[in-house]
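Student: Protein chains in written order, with full-length UniProt numbering: chain A, 1 to 345; chain B, 1 to 345.
2 protein chains.
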Amino acid sequence: MVNGRTPSVKDVARSAGVSLGTVSNVMNRPEVVSPSTRERVERAMAELGFVRNESARQLRAGTSRTLAYVMLDGSNPFFHDVAQGIELAAEEADLSLFICNSNGRADREEVHLDRLMQQRVQGILITPVNPEAPHLAEISRRGIPVVIVDRVGVGGAFCSVAVDDVLGGRIAVEHLAEQGHTRVAVVGGPESIGQVRERLEGARQIWAELGLPPDDLIYLPTAALTVAEGRSAGERLAGIPARRRPTAAFCANDLLALGLLQQTIGAGLRVPEELAIVGFDDIEFAAAAAVPLTSVRQPRQELGRAAAQLVLDEATNPDHHHHQQPLFVPELVARASTVVRSRAY
Amino acid sequence: MVNGRTPSVKDVARSAGVSLGTVSNVMNRPEVVSPSTRERVERAMAELGFVRNESARQLRAGTSRTLAYVMLDGSNPFFHDVAQGIELAAEEADLSLFICNSNGRADREEVHLDRLMQQRVQGILITPVNPEAPHLAEISRRGIPVVIVDRVGVGGAFCSVAVDDVLGGRIAVEHLAEQGHTRVAVVGGPESIGQVRERLEGARQIWAELGLPPDDLIYLPTAALTVAEGRSAGERLAGIPARRRPTAAFCANDLLALGLLQQTIGAGLRVPEELAIVGFDDIEFAAAAAVPLTSVRQPRQELGRAAAQLVLDEATNPDHHHHQQPLFVPELVARASTVVRSRAY
DNA sequence: CACGCCGTATGAAACATTTCAACGATCGTT
DNA sequence: AACGATCGTTGAAATGTTTCATACGGCGTG
């Protein structure tokens, strides 16, 4: 602070009249140093404005104090809620959380993973572009714990934390069927996204089990899971002549559902009377839509928290840790977008 | 990779039959090493699965490769858009971005800043809980560039990037007045948040300048800038007898506006016929609301990008860098929530 | 009184990299 | 043939911590 250079332990030691090691002890095992010298050292630190150099600490100690989360889509609030859950767990373990965003691009994901390896982070949580990503296996083999979030890891090579997307699709469509709908649109895509595939799969399963004709479950593909794509699907839907038009739609996530809702209302359809809508994720804005959105709730924060706990377990006792893939159970939250006689929120 | 330990430059050097320094050169100034040995070293790296240890690099080189953004409210998409802008600029400069979230709590902010100092990040972008934060001055004095985002720094001690919130409040209310409204609610709070203070201030200014009676600009305070608080304000608003009820509301941000919109529609008011609504920020969900929301647009990404550029400038030539506080000009985006005869989106 | 023990403090080694002065070899020039 | 210059490579020093074996001094015990 005095002469430009940031002070080091050495400066503190000199100023407090003790040795290097003692200063380190004050920071890392205060109980072994006598109260009087401890106090002297602490005063010196404060005076000099000493700030521990984390790089040096990490280099020597070999252990980093950060977790990382590589998220799939920064514009989807769902992932931020997951991140929030992770952060809570990280905070409890006194770790920092590094948040990256692949935005669905495998190349961005790769450069982020690369950097995280160089940083020697203590563990990596990731919602991968492609859950078979060979990088991940490689990273895990190197001894860095990896847990997959919101997807089930393949072959039990990692821990993963997810909700049962197939089940989610089932309860969504079952709910619509219970409301008497017999012609339903399922909207989502691209099918390269595993979550989409499984949610739609669940929808088809229950539809078949209910004995409804396959042709009355109409697939409206989208190019992405965004509000804009939801609107575009809404246009197509509203364009169908009324007598053949589905009376309900199940969207693969809430962003799509919100876009669809906006578009169809704009086109003059009444929701839910003429078109019932179910989304997926139950993000905060689902409840806040002008016609509050029925949605399949994922325990978003809980997902993140559980994932963080798994990664920490693996990090702290790598020996007798065994991978697990807990599946959370999604839950339907019925709101005005599907239920005609709803009480106000 | 072979025997557990991750390989170091030393291992690579031995395996390639060159010296330590040469390996380093291959990584940092490939042009000085002859193609043949370079290729040999690179092959050795690949074979061993070498991953450079960033801590050691940083310790020796003295320079870190990361920026950090401490955001104010992780549940507000606005800040994520800002972060996205920062990330883009960081990517161009080949830096990583560390994102933290203070959630409006000064104590969380402080622990994050502390950690960032220990990491010796190259620069800190922050939307502070309190822009006078003495920590920030201290950090800046230590030589770590700090730029304040979405607030104007006090006393020119830092760079800052913000929009003119007062102006934003003015154009919002001016727009309402142009639509013929003469009794308007302004909703927002707490006033400890600078952005809120200034937006409301702008509203009052223009109201007075237009010669409208102060009592007809009704202040509805809220405890936070959230959807839930928006709903609660909506309840209060809807509870006012129709003849005394404001015909329009200006909300200090979009989350409030969305909550207000939902609540008042639920209570049976027609928007915009019986109640016009203007928000602030123009987050993506504003356009996607069932009644698309008129809002004061901030150049969200641009804000982040500009901030990142300032911090980088200060980091790269600290000597003849001079602080600046660019103010962006907000822009009204009129949508259906204020304009009766709107075309569909 | 000798001994061992306990609570503290010490100093050197180690961590993985970058940097830099120095060195040897090759080659063109005089 | 001697001399510089150029090019590529080397080895050692330095970065700021933590860790660990060791030293020291005082005290209770046998």
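A virtual CB, placed ideally from N, CA and C, is assigned to each residue, including glycine.
1. Pull up the DSSP beta-bridge partners for residue 96 (chain B), would you.
2. Since residue 253 (chain A) sits in a beta bridge, which residues does DSSP pair it with?
3. Which first and last residues belong to the beta strand (DSSP E) in which residue 294 (chain B) is found?
4. At which residues does the beta strand (DSSP E) containing residue 280 (chain B) begin and terminate?
5. Whose C-alpha, out of A:219, A:143, A:239, A:151, is nearest the C-alpha of residue 317 (chain A)?
6. Return the chain-ordered list of same chain residues with a C-beta closer than 8 Å to the C-beta of residue 302 (chain B), the five sequence neighbours on each side being excluded.
7. Distance check for residue 20 (chain B) and residue 38 (chain B), CA to CA, integer angstroms please.
8. Would you mind stating whether residue 203 (chain A) and residue 220 (chain A) have Cβ atoms separated by less than 8 Å?
9. Just to confirm before moving on: does the CB-CB distance between residue 296 (chain A) and residue 330 (chain A) stay below 8 Å?
10. So, using beta-carbon positions, are residue 256 (chain A) and residue 225 (chain A) closer together than 8 Å?
11. Any contact between the region 120-127 of chain A and the region 282-289 of chain A? By contact I mean 3 or more CB pairs, one from each, below 8 Å.
12. For the beta strand (DSSP E) containing residue 221 (chain A), name the first residue and the last one.
13. Terminal residues of the continuous beta strand (DSSP E) containing residue 332 (chain A)?
14. Can you give me the C-alpha to C-alpha distance between residue 299 (chain A) and residue 174 (chain A), rounded to a whole angstrom?
15. For a test of the three-state rule: what should DSSP assign to residue 101 (chain A), helix, strand or coil?
16. Starting from the C-beta of residue 283 (chain B), find all residues in its chain whose C-beta is less than 6 Å away, skip the five residues before and the five after it, and write them out in chain order.
17. Please confirm whether residue 74 (chain B) has its beta-carbon closer than 8 Å to some beta-carbon of chain A.
18. Is residue 248 (chain A) helix, strand or coil when you go by DSSP?
19. Spell out whether any CB of chain B is found under 8 Å from the CB atom of residue 54 (chain A).
20. Whose C-beta lies closer than 8 Å to the C-beta of residue 247 (chain A) among residues of the same chain, with five residues either side of it excluded?
21. What is the rounded straight-line gap between the Cα of residue 16 (chain B) and the Cα of residue 67 (chain B)?
22. Extract the residue ranges of the alpha helix (DSSP H) inside the region 191-242 of chain A, only unbroken runs of 4 or more that lie entirely within it.
23. Determine the contact status of residue 89 (chain A) and residue 99 (chain A), defining contact as a CB-CB distance below 8 Å.
24. Just list the residues that DSSP pairs residue 18 (chain A) with in beta bridges.
25. Measuring from the CB of residue 107 (chain B), is there a heavy atom of the ligand HEM at a distance below 7 Å?
26. Taking 8 Å as the CB-CB limit, is residue 306 (chain A) close to chain B?
27. Alpha carbon to alpha carbon, how far is residue 193 (chain B) from residue 205 (chain B)?
28. Using the rule of at least 16 other Cβ atoms within 10 Å of the residue's Cβ for burial, across every protein chain shown, is residue 238 (chain A) buried or exposed?
29. Taking the continuous beta strand (DSSP E) assigned at residue 155 (chain B), which residues delimit it?
30. So if DSSP puts residue 363 (chain A) in a beta bridge, which residue, or which two residues, is it bridged to?
31. Does the distance from the C-beta atom of residue 199 (chain B) to that of residue 188 (chain B) stay below 8 Å?
32. Anything in chain A within Cβ reach of residue 239 (chain B), meaning under 7 Å, just list it in chain order.
33. Is residue 260 (chain B) close to chain A? Criterion is C-beta to C-beta, closer than 8 Å.
34. Quick one, which of A:107, A:322, A:55 has its alpha-carbon nearest residue 147 (chain A)'s?
35. Alpha carbon to alpha carbon, what distance is there between residue 54 (chain B) and residue 63 (chain B)?
36. Mark residue 101 (chain B) as exposed unless 16 or more other C-beta atoms lie within 10 angstroms of its C-beta, in which case mark it buried.
Tutor: Based on what the coordinates show:
1. B:66
2. None; residue 253 (chain A) has no bridge partner.
3. 294-297
4. 276-281
5. A:143
6. 85, 328
7. 13 Å
8. no
9. yes
10. yes
11. no
12. 217-221
13. 331-333
14. 20 Å
15. strand
16. 77, 78, 254
17. yes
18. strand
19. yes
20. 181, 182, 183, 184, 274, 275, 276
21. 35 Å
22. 194-209, 227-239
23. no
24. Looking at the DSSP assignment, residue 18 (chain A) forms no beta bridge with any residue, so it has no partner.
25. Of ligands this structure carries none, so the ligand HEM is not represented either.
26. no
27. 19 Å
28. buried
29. Counting along the chain, residue 155 (chain B) falls outside any beta strand (DSSP E), and DSSP gives it neither H nor E.
30. In the structure as shown, chain A starts at 1 and stops at 345, and residue 363 (chain A) therefore has no counterpart that could be examined.
31. yes
32. Those do not exist, as residue 239 (chain B) stays about 14 Å from chain A at its closest Cβ, beyond 7 Å.
33. no
34. A:322
35. 10 Å
36. buried
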